[in-house]
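**Q** Dropping the structure in here first, questions after.
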Amino acid sequence: MRILKFWPLLTLFALAGCSGNWGWYVVNPTTPAGQRNLMFLLDGLYYTIALSVTAIAISVLLGLLVALPGLARQRPPRVINRVYVELVRAVPILVLILWVYYGLPQVADISISVFWAGVLALAISDSAFQAEIFRAGIQSIDRGQHEAAHSISLSYVDKMRFVILPQAIKRILPALGNQLVYMLKMSSLVSVIGMEELTRRANELVVTEYRPLEIYTVLVMEYLVLILLVSAGVRWLESRMGMSDRR
Amino acid sequence: MPAKKSAAQDGNAAPLIRMRDVSKFFGAFQALDQVSLDIGMSEKVVICGPSGSGKSTLIRCINRLEQHDAGEIMIDGVTVDDSAAARAVLRNNVGMVFQQFNLFPHLSILDNLTLGPLRARGLAPAAARELAEYYLERVRIPEQMQKFPDQLSGGQQQRVAIARALCMEPRIMLFDEPTSALDPEMIAEVLDVIEELAATGMTMIVVTHEMGFASHVADKMVFMDHGRIVEMAPPKRFFSEPESDRCKTFLQQILRN
Ligand SMILES: Nc1ncnc2c1ncn2[C@@H]1O[C@H](COP(=O)(O)OP(=O)(O)OP(=O)(O)O)[C@@H](O)[C@H]1O
Ligand SMILES: [Mg+2]
Numbered sequence: 001m002r003i004l005k006f007w008p009l010l011t012l013f014a015l016a017g018c019s020g021n022w023g024w025y026v027v028n029p030t031t032p033a034g035q036r037n038l039m040f041l042l043d044g045l046y047y048t049i050a051l052s053v054t055a056i057a058i059s060v061l062l063g064l065l066v067a068l069p070g071l072a073r074q075r076p077p078r079v080i081n082r083v084y085v086e087l088v089r090a091v092p093i094l095v096l097i098l099w100v101y102y103g104l105p106q107v108a109d110i111s112i113s114v115f116w117a118g119v120l121a122l123a124i125s126d127s128a129f130q131a132e133i134f135r136a137g138i139q140s141i142d143r144g145q146h147e148a149a150h151s152i153s154l155s156y157v158d159k160m161r162f163v164i165l166p167q168a169i170k171r172i173l174p175a176l177g178n179q180l181v182y183m184l185k186m187s188s189l190v191s192v193i194g195m196e197e198l199t200r201r202a203n204e205l206v207v208t209e210y211r212p213l214e215i216y217t218v219l220v221m222e223y224l225v226l227i228l229l230v231s232a233g234v235r236w237l238e239s240r241m242g243m244s245d246r247r
Numbered sequence: 001m002p003a004k005k006s007a008a009q010d011g012n013a014a015p016l017i018r019m020r021d022v023s024k025f026f027g028a029f030q031a032l033d034q035v036s037l038d039i040g041m042s043e044k045v046v047i048c049g050p051s052g053s054g055k056s057t058l059i060r061c062i063n064r065l066e067q068h069d070a071g072e073i074m075i076d077g078v079t080v081d082d083s084a085a086a087r088a089v090l091r092n093n094v095g096m097v098f099q100q101f102n103l104f105p106h107l108s109i110l111d112n113l114t115l116g117p118l119r120a121r122g123l124a125p126a127a128a129r130e131l132a133e134y135y136l137e138r139v140r141i142p143e144q145m146q147k148f149p150d151q152l153s154g155g156q157q158q159r160v161a162i163a164r165a166l167c168m169e170p171r172i173m174l175f176d177e178p179t180s181a182l183d184p185e186m187i188a189e190v191l192d193v194i195e196e197l198a199a200t201g202m203t204m205i206v207v208t209h210e211m212g213f214a215s216h217v218a219d220k221m222v223f224m225d226h227g228r229i230v231e232m233a234p235p236k237r238f239f240s241e242p243e244s245d246r247c248k249t250f251l252q253q254i255l256r257n
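First to last, the sequence lines map onto chains A and B. Numbering-wise (the numbering used here), the first sequence opens with residue 1 and increments by one. Numbering-wise (the numbering used here), the second sequence opens with residue 1 and increments by one.
Quick look at the structure:
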């Protein structure tokens, strides 16, 4: 079963075997030129990870801030939550990236680096999903927990901080892991504004070496390895935390 | 523990809890219908009645888990509403024990007990811990402080829940069917603890169908039906000569089981 996950790779290798047109020399690790090209490609890893991790950290905070009014008893805060979530979800990530990088500096009269424009766009886009995840997670906590917190006179902030969120976050951890994987993939879109991450690096090398098939195959493998590793890490974390509500 | 000074004690006239014509609606459904009830200092009130009669709603209105729609509830002379004064009076006076215990599953027993004292009462960690140890001993659960709720039996969990409420050092304790979720063999250990608490002079409102317990702890029995207090009497009279037919029928059903 596990091997099935690697079918795209296996297919590619099979293709490589039957075609005479492959030119693996561009990324052949035994030649100096191939090594240089590989290093050039792998160099993008730093920004792919930095972008994704920074963006997910911000989107988690943003998502929580947006989720809380969605849980209010009164209508106005709930409306704010709905409007934010629906609006943000309606904008394609690529469009948001372009707008934040080219549009925001003019609207807000600030200068923004490629990196932070990418982080901001990814974080905003993801925050709508995070908000929904948090809302579901918090709603899954038994009403009795809120009532017990009330019965010992905890304030709203203390109740959330010490009673509700610790339990909710544990339950939504798998979903947060999935969002990180999603973010790693979406970070490839930031290449359009010139972020030197994995995808951009591959594009640049293709332009100089004219070997799209081989170079993009390496790119596919880079994402595949990265994401399989992260998924495994998330699963390990989950199993370690166990099924109980205990800390 | 030093007794707190109270308006009720000083005035000697006003009851500690005073409910006047309290009504509560869930949508169009009326869960409480003009309920009036006075509870004096150290008084023990046991509430019984059929399912859905409004027993839980009544005690949940007292500590503001539910907001009543009409009438007035006063505790120690302070009107229970959304004001800061009401929050303070609830914090200093009212504890609650739930049918399902509602312990915090991600916290150790010790942390369950100290959370309120630390965060709501502003006690220092050492003082909060001392308090927790004292009350755990009182409910006869020492040596389990580092365990988590799911490592204890139901009876132990409920006793921890009682200790958690006591750590806020309230003068009034509300119990909502504290033994209904327990296996039969654990009911006695919890009722014993509640009885001991009653002997210390705690003001208590207990919703329960444990009539044996009720008959020797209660100063006042209350029978509710359809959101109203149908009958209110000292236990002796309540059990021997209930006035209303509904109460008679109810008691017959309960006592048969
Ligand atoms: N949050 C709520 N929303 C709507 N209806 C409610 C709510 N809480 C209680 N009710 C209704 O109000 C009525 C009284 O409920 P309450 O819980 O006070 O009854 P009870 O006497 O405690 O019953 P039980 O013995 O089953 O615990 C019931 O008919 C119940 O369905
Ligand atoms: Mg009830």
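Heads up, the beta-carbon is just placed ideally off N, CA and C, and yes, glycines get one too. Predicted model, so just to flag it, every value in this text is computed and none were measured.
Residues near ligand 1, CB to any non-hydrogen atom under 5 Å, in chain order?
**A** Answer in sequence order: B:Phe26, B:Ala31, B:Ser51, B:Gly52, B:Ser53, B:Gly54, B:Lys55, B:Ser56, B:Thr57.
**Q** Under a three-way DSSP split, which group does B:Met96 fall into?
**A** Here B:Met96 sits in strand by DSSP.
**Q** When burial is assigned at 16 or more other CB atoms within 10 Å of the CB, is A:Gln130 buried or exposed?
**A** It is buried - the Cβ of A:Gln130 has at least 16 other Cβ atoms within 10 Å.
**Q** Start and end of the beta strand (DSSP E) containing B:Cys48?
**A** Element bounds for B:Cys48: 44 to 48.
**Q** What residues of chain B sit near A:Ile138, judged by a beta carbon separation below 7 Å?
**A** Simply none; closest approach about 14 Å.
**Q** Please determine if the region 41 to 56 of chain B and the region 200 to 214 of chain B are in contact, where contact requires at least 3 C-beta pairs separated by less than 8 Å.
**A** These segments touch.
**Q** Determine the contact status of B:Ile141 and B:Arg121, defining contact as a CB-CB distance below 8 Å.
**A** Cβ distance not < 8 Å, so B:Ile141 and B:Arg121 don't count as in contact.
**Q** Relative to the alpha-carbon of A:Ala123, which residue among A:Val53, A:Ala90, A:Val207, A:Arg211 has its alpha-carbon at the smallest distance?
**A** Closest by alpha carbon: A:Val53.
**Q** What is the C-beta distance between A:Tyr101 and A:Val83, in whole angstroms, given that I count them as a contact (C-beta under 8 Å)?
**A** 24 Å between Cβ atoms; not a contact.
**Q** Please return the same chain residues whose Cβ sits closer than 6 Å to the Cβ of B:Gly227, not counting the five positions on each side in sequence.
**A** So the qualifying residues of the chain are Gln30, Ala31, Leu32, Asp33, Gly54.
**Q** Buried or exposed for B:Met1, please, with buried defined as at least 16 other CB atoms from any protein chain shown within 10 angstroms of its CB.
**A** Unreliable placement is indicated for B:Met1, whose pLDDT of 47 sits below 50; the coordinate value is still reported in the next sentence. Under this definition B:Met1 is an exposed residue.
**Q** At a CB distance below 7 Å, what residues from the region 112 to 143 of chain A approach chain B? Give them in sequence order.
**A** Per Cβ criterion, the list is empty.
**Q** Give the single residue among A:Val207, A:Trp24, A:Ile164, A:Ser155 whose Cα lies nearest to the Cα of B:Leu90.
**A** Ranking A:Val207, A:Trp24, A:Ile164, A:Ser155 by Cα distance to B:Leu90 puts A:Ser155 first.
**Q** Taking only three categories from DSSP, how would you classify B:Lys24?
**A** B:Lys24: strand per DSSP, three-state reduction.
**Q** Of all Cβ atoms in chain A, is any one closer than 8 Å to the Cβ of B:Ala120?
**A** Output row for B:Ala120: interface = yes.
**Q** Which value, in whole angstroms, describes the spacing of the CA atoms of B:Leu118 and A:Met183?
**A** If you take the alpha carbons of B:Leu118 and A:Met183, they lie about 39 Å apart.
**Q** Which of helix, strand or coil does DSSP assign to B:Leu123?
**A** In the structure shown, B:Leu123 sits in coil (DSSP, three-state: anything other than H, G, I, E or B).
**Q** Would the C-beta of B:Asp176 count as close to ligand 2, meaning under 7 Å from any of its heavy atoms?
**A** Checking every heavy atom of ligand 2 against the Cβ of B:Asp176, one is found closer than 7 Å.
**Q** In the DSSP assignment, what residue or residues form a beta bridge with B:Ile39?
**A** Paired residues: B:Ile17.
**Q** Taking just the CA atoms, how far does A:Ile112 sit from A:Ile56?
**A** Whole-angstrom Cα-Cα distance: 19 Å.
**Q** Do B:Val207 and ligand 2 come close, with the Cβ less than 7 Å from some heavy atom?
**A** B:Val207 Cβ: within cutoff of ligand 2.
**Q** Identify, in the order they occur along the chain, each residue of the same chain with its Cβ nearer than 7 Å to the Cβ of B:Lys147, setting aside the five sequence neighbours on each side.
**A** Here the set comprises Ser108, Ile109.
**Q** Quick check on A:Leu154 - is its C-beta less than 8 Å from some C-beta in chain B?
**A** It does; some Cβ of chain B falls within 8 Å.
**Q** Counting only beta-carbon separations shorter than 8 Å, does B:Ile17 have a partner in chain A?
**A** With 8 Å as the cut-off, B:Ile17 does not count as an interface residue toward chain A.
**Q** Against chain A, with Cβ distances strictly below 8 Å, would B:Gly154 count as a contact?
**A** No - not a single Cβ of chain A is within 8 Å of the one on B:Gly154.
**Q** Does chain A have any CB closer than 8 Å to the CB of B:Gly54?
**A** For B:Gly54, the answer is no, since every Cβ of chain A falls outside 8 Å of its Cβ.
**Q** Counting only beta-carbon atoms, is B:Leu136 nearer than 8 Å to chain A?
**A** Judged by the 8 Å Cβ criterion, B:Leu136 is not in contact with chain A.
**Q** Can you tell me whether DSSP reads A:Ile253 as helix, strand or coil?
**A** Summary: the structure shown does not reach residue 253 of chain A, with chain A confined to residues 1 through 247, and so no result is reported for it.
**Q** Is the CB of A:Ala232 under 8 Å away from at least one CB in chain B?
**A** It does not: the Cβ of A:Ala232 has no partner Cβ on chain B nearer than 8 Å.
**Q** State the beta-bridge partners of B:Ala70 as determined by DSSP.
**A** BP columns for B:Ala70 point to B:Ser23.
**Q** How about A:Ser261: is its C-beta nearer than 8 Å to some C-beta of chain B?
**A** In the structure as shown, chain A starts at 1 and stops at 247, and residue 261 of chain A therefore has no counterpart that could be examined.
**Q** Please list the residues of the region 167 to 180 of chain A that have a C-beta atom closer than 7 Å to any C-beta atom in chain D, keeping them in chain order.
**A** Although the question refers to chain D, the structure presented lacks it and instead comprises the protein chains A and B.
**Q** In the DSSP assignment, find the beta strand (DSSP E) that holds B:Lys220 and state where it starts and stops.
**A** Element bounds for B:Lys220: 220 to 225.
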